[in-house]
Amino acid sequence: VQLQASGGGLVQPGGSLRLACAASGSIFSINVMGWYRQAPGKQRELVASITTAGTTAYVDSVKGRFTISRDNAKSTLFLHMNSLKPEDTAVYYCHANNIYGMDHWGKGTQVTVSS
4 VQLQASGGGL VQPGGSLRLA CAASGSIFSI NVMGWYRQAP GKQRELVASI
54 TTAGTTAYVD SVKGRFTISR DNAKSTLFLH MNSLKPEDTA VYYCHANNIY
104 GMDHWGKGTQ VTVSS
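Everything in the sequence shown is counted per the numbering used here, starting at 4 for the first residue and increasing by one.
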């Protein structure tokens, strides 16, 4: 499975961004997909995840602001980010776990929230 993320950039506090992650390869095996982020000097953390059935989970700091979704037909994962805060600044990574328990990572995309 190959993952290609896009959509990062610079946005002012309170603004919005949408990240997208296109999956290719053995997409039939994909189970849970998610977005992680890593800020400078901090550990990578799970931001949001979504199962094939559409069950979602979010880290507390983004609940009510971020929405994860996936288009199974197009093998694409999205992260809609609203009301962005400076503390959301990080490199965001797309992740997929397949039915064999293997992890797949995309290259990160930088999100910077600054005035």
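Just so you know, even glycine gets a beta-carbon here, dropped at the ideal spot from N, CA and C.
Test item: CB-CB of R73 and I102 under 8 Å: Going by C-beta atoms, R73 is not nearer than 8 Å to I102.
Touching by the beta-carbon criterion (3+ pairs, under 8 Å), the region 12-19 and the region 48-65: No: fewer than three Cβ pairs fall under 8 Å.
Distance, G44 Cα to M84 Cα: Looking at the two C-alpha atoms, the distance is approximately 22 Å.
Simplified DSSP assignment, three categories, for I30: Looking at I30 - three-state DSSP - the assignment turns out to be helix.
First through last residue of the beta strand (DSSP E) which encompasses S9: S9 -> beta strand (DSSP E) spans Q5 to S9.
Per-residue burial, D63 [other beta carbons within 10 Å of its own, 16 or more giving buried]: Burial call: exposed.
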